[in-house]
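Quick note on our numbering: the sequence shown kicks off at 64 and runs consecutively.
Data block below; observations after.
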Amino acid sequence: MRSFLFVLSACLLLSGCNMLPEPGSLIQAPKLASAISIENESIQAIAKKYLPKGTTLITANSPISTDSVLYADLDGDGQEEAIVFYQSKNRAENVGMFILEKQKDKWEKMFAKKGLGYDVNWASASDFDGDGKQDLLVGWKIGSAAGNVLEVFTWNEDGFKQLTKVNYHTFESIEIQGDQKTRLAVWKKDVNDIYDIQLLKWENGALIADEEHYPTYFPKVVDYYKSRIERVPDASYYWYYLADAQLKSNHPEQALNSIEKGMMLKTIVPSFNQFTDLKKKIEKSLKEYGNSNFQYEIRDADVTLEIPKEVASHITIEEGNASMDGYAVSVYISSEKKKDLLFAIYIHSKNMNIPEPDRSLEKIAENEQYIYFAKKNKEKINLTGLDPEVKDIYEQSIAQVDKMIANVRPGLVYPSYVSLEESGVIKMVTEAANKYWYVTSGGKISGAIDSFTNEGLDYRYMGSDLDTREKLNAFLGESYTSSVIQSYINRANIINHNGKLAQPNADGGSIVNHEKAIVIGMRDNGNEKEIDLKAPLGTSYYYEYVHVVFSKTKDGWRISSDIGTF
Numbered sequence: 064m065r066s067f068l069f070v071l072s073a074c075l076l077l078s079g080c081n082m083l084p085e086p087g088s089l090i091q092a093p094k095l096a097s098a099i100s101i102e103n104e105s106i107q108a109i110a111k112k113y114l115p116k117g118t119t120l121i122t123a124n125s126p127i128s129t130d131s132v133l134y135a136d137l138d139g140d141g142q143e144e145a146i147v148f149y150q151s152k153n154r155a156e157n158v159g160m161f162i163l164e165k166q167k168d169k170w171e172k173m174f175a176k177k178g179l180g181y182d183v184n185w186a187s188a189s190d191f192d193g194d195g196k197q198d199l200l201v202g203w204k205i206g207s208a209a210g211n212v213l214e215v216f217t218w219n220e221d222g223f224k225q226l227t228k229v230n231y232h233t234f235e236s237i238e239i240q241g242d243q244k245t246r247l248a249v250w251k252k253d254v255n256d257i258y259d260i261q262l263l264k265w266e267n268g269a270l271i272a273d274e275e276h277y278p279t280y281f282p283k284v285v286d287y288y289k290s291r292i293e294r295v296p297d298a299s300y301y302w303y304y305l306a307d308a309q310l311k312s313n314h315p316e317q318a319l320n321s322i323e324k325g326m327m328l329k330t331i332v333p334s335f336n337q338f339t340d341l342k343k344k345i346e347k348s349l350k351e352y353g354n355s356n357f358q359y360e361i362r363d364a365d366v367t368l369e370i371p372k373e374v375a376s377h378i379t380i381e382e383g384n385a386s387m388d389g390y391a392v393s394v395y396i397s398s399e400k401k402k403d404l405l406f407a408i409y410i411h412s413k414n415m416n417i418p419e420p421d422r423s424l425e426k427i428a429e430n431e432q433y434i435y436f437a438k439k440n441k442e443k444i445n446l447t448g449l450d451p452e453v454k455d456i457y458e459q460s461i462a463q464v465d466k467m468i469a470n471v472r473p474g475l476v477y478p479s480y481v482s483l484e485e486s487g488v489i490k491m492v493t494e495a496a497n498k499y500w501y502v503t504s505g506g507k508i509s510g511a512i513d514s515f516t517n518e519g520l521d522y523r524y525m526g527s528d529l530d531t532r533e534k535l536n537a538f539l540g541e542s543y544t545s546s547v548i549q550s551y552i553n554r555a556n557i558i559n560h561n562g563k564l565a566q567p568n569a570d571g572g573s574i575v576n577h578e579k580a581i582v583i584g585m586r587d588n589g590n591e592k593e594i595d596l597k598a599p600l601g602t603s604y605y606y607e608y609v610h611v612v613f614s615k616t617k618d619g620w621r622i623s624s625d626i627g628t629f
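Have a look at this one:
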């Protein structure tokens, strides 16, 4: 047996160490018997004493959480209550909840309610009415066709009372930047995959439409209907709802194109009169816009473009990865027959690869983190065969390229928002990835490390916080399912040697920044959810696609994707 000093080579896979976040910010030692986990086990044991006969504890379907019990300070006394949900073992319609409050070091039931359906679709706590205290939001599943019912409860001087109730099929709890009050993004199914979508807030004792923040949320709805049109381009109803979402996103010029395309198709539902009415609203909005430029937010890259009104209806903007870990925003002029590049904006992180400016690449902006370059299309655009009106639009667009480039600026026009479900997913994925790299590093290792050879592989003993199967299972079990953990232990060739766990002596690293990931897709399969994310590399906007599967367990949601694959 020999000894050597262990050095974690975090930059093994990289060309430069400065591209990685500080390891200390990513990797944390496990807490084998954390107060939270012990408390959670205690609460579950206590909660079982209050369960109605013939019922069992259950985990809410959404949002994804590592705990089956929801903790929140509902009465504003600085101490969290425990919200527990249950379901009948035999009768589907028997579902409900109760709240436990700690009184003189003893948990007591303070509130109980029978549910409205047969499952718990949603359970969260946030400031819904703006009074600075957390309110309870509980969604009961009624049925596939009927959807769900959301109940909002609040604590006041009269006790715990229902504040309001909302029907929905899909639902998001969101927080607008700079505003503590929770908004409800309510999706009610109309026909097939068509939804009546409302952004609601609580004001003066009632739920009202939050029209001020439509431009913040409805770009997500635009993306939804665009994805449907890609699959079925000749369905007029998709074009109608796309136009409505574009109008609410403050882009009437796009909405006019969409509504006119829809009106050229067969219209049944919505009716042609409804199409006509929406077109009038869009034209009115365009008239009110005056001669102002249209502002286009590129949210994934935190940048805004200004497009002149007279050419905006023919402008298409695309975005994606660029060379040297950059991000490109490409601006095209388009007609029904062709599409031509006008210019592109390239965004590069100062902490990663930065191209050298040349004759074709002009530096146009800079902030603390990023440098922005513009590159014009030097090839002459062929205008032969274009209708005179379209040709005029092309010529105006080409003539205003310099103006459009000059108006590019870092930052967004409208406040951003955070989705509770999506932020929870990103947090869990980040924690799970960090746990993997912590285990890969060997855990808490100090001084010299003993190594040995086993079946031709060079092994090292794992740190004192991970050196038994129980410790490793407990650490990874906060994020992953038990079956995935056992599969990983076998796949990683982790063995028990002389009473301690050991792993093959290897280092690694990753610059995938899970913490800054963006959820781009979510498929709900009941007790399993598949999540697709765009995760940037390091501090750049250059991204990789990440696919993660979550499974519902008796202790909460856990990741069932193979460890080390995201």
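Virtual Cβ for every residue (Gly too), placed ideally from N, Cα, C.
Between residue i and residue j, is the Cβ-Cβ spacing less than 8 Å?
i    : j    : result
G193 : Q150 : no
A188 : L114 : no
Y359 : I370 : yes
L260 : V284 : Leu is not the amino acid found at residue 260; the sequence shown has Ile there. Yes, the Cβ-Cβ distance between I260 and V284 is below 8 Å.
V366 : I378 : no
I396 : I427 : no
S695 : N184 : Residue 695 lies beyond the stretch modelled for the chain, which goes from 64 to 629, so this question has no answer here.
E323 : V481 : no
L564 : L529 : yes
Y303 : Y604 : no
L305 : S321 : yes
Y522 : Q549 : no
Quick one: grab the DSSP three-state call for residue i.
i    : result
P630 : Nothing can be reported for residue 630, as the shown portion of the chain is limited to 64 through 629.
K401 : coil
E591 : strand
D363 : helix
E425 : strand
Y543 : strand
Y480 : strand
S623 : coil
G584 : strand
A123 : coil
V285 : helix
M160 : strand
R16  : Outside the modelled stretch of the chain, which goes from 64 to 629, sits residue 16, for which no answer is possible.
P567 : strand
Q549 : helix
E220 : coil
S236 : strand
Where do the ends of the beta strand (DSSP E) carrying residue i lie?
i    : result
K615 : 606–616
V492 : Element bounds for V492: not the beta strand (DSSP E) but the alpha helix (DSSP H), 483–504.
G206 : 198–206
P333 : Counting along the chain, P333 falls outside any beta strand (DSSP E), and DSSP gives it neither H nor E.
A437 : 433–439
E266 : 258–266
Between the C-alpha atoms of residue i and residue j, what's the straight-line distance to the nearest angstrom?
i    : j    : result
L247 : W170 : 32 Å
D130 : K165 : 19 Å
E346 : E494 : 49 Å
A318 : Q240 : 26 Å
F436 : L600 : 19 Å
I508 : G619 : 31 Å
D602 : G222 : Looking at the sequence provided, one finds Thr at residue 602 rather than Asp. Near 47 Å, if we compare the C-alpha coordinates of G222 and T602.
L137 : E235 : 20 Å
V492 : K597 : 12 Å
N559 : L520 : 14 Å
A308 : E458 : 30 Å
D388 : K152 : 53 Å
L179 : E399 : 51 Å
Y231 : Q225 : 17 Å
L424 : G474 : 21 Å
H276 : R362 : 15 Å
T233 : L483 : 13 Å
M326 : D286 : 20 Å
Tell me which residue opens and which closes the alpha helix (DSSP H) that residue i is part of.
i    : result
Y181 : Element bounds for Y181: n/a, residue is neither H nor E.
I417 : Where I417 is concerned, there is no enclosing alpha helix (DSSP H), given that its DSSP letter is neither H nor E.
R246 : Here R246 belongs to no alpha helix (DSSP H); instead the beta strand (DSSP E) covers 245–252.
Hey, residue i and residue j are a contact pair by Cβ (cut 8 Å); roughly how many whole angstroms apart?
i    : j    : result
S412 : W500 : In fact, because the Cβ distance is near 21 Å, the residues do not count as touching under 8 Å.
D182 : V158 : 6 Å
I271 : L262 : Contact flag wrong, Cβ pair sits at about 10 Å.
I633 : F161 : Since the first residue shown for the chain is 64 and the last is 629, residue 633 is missing from the structure and cannot be characterised.
S542 : I622 : 6 Å
V547 : I626 : 6 Å
S355 : K372 : 7 Å
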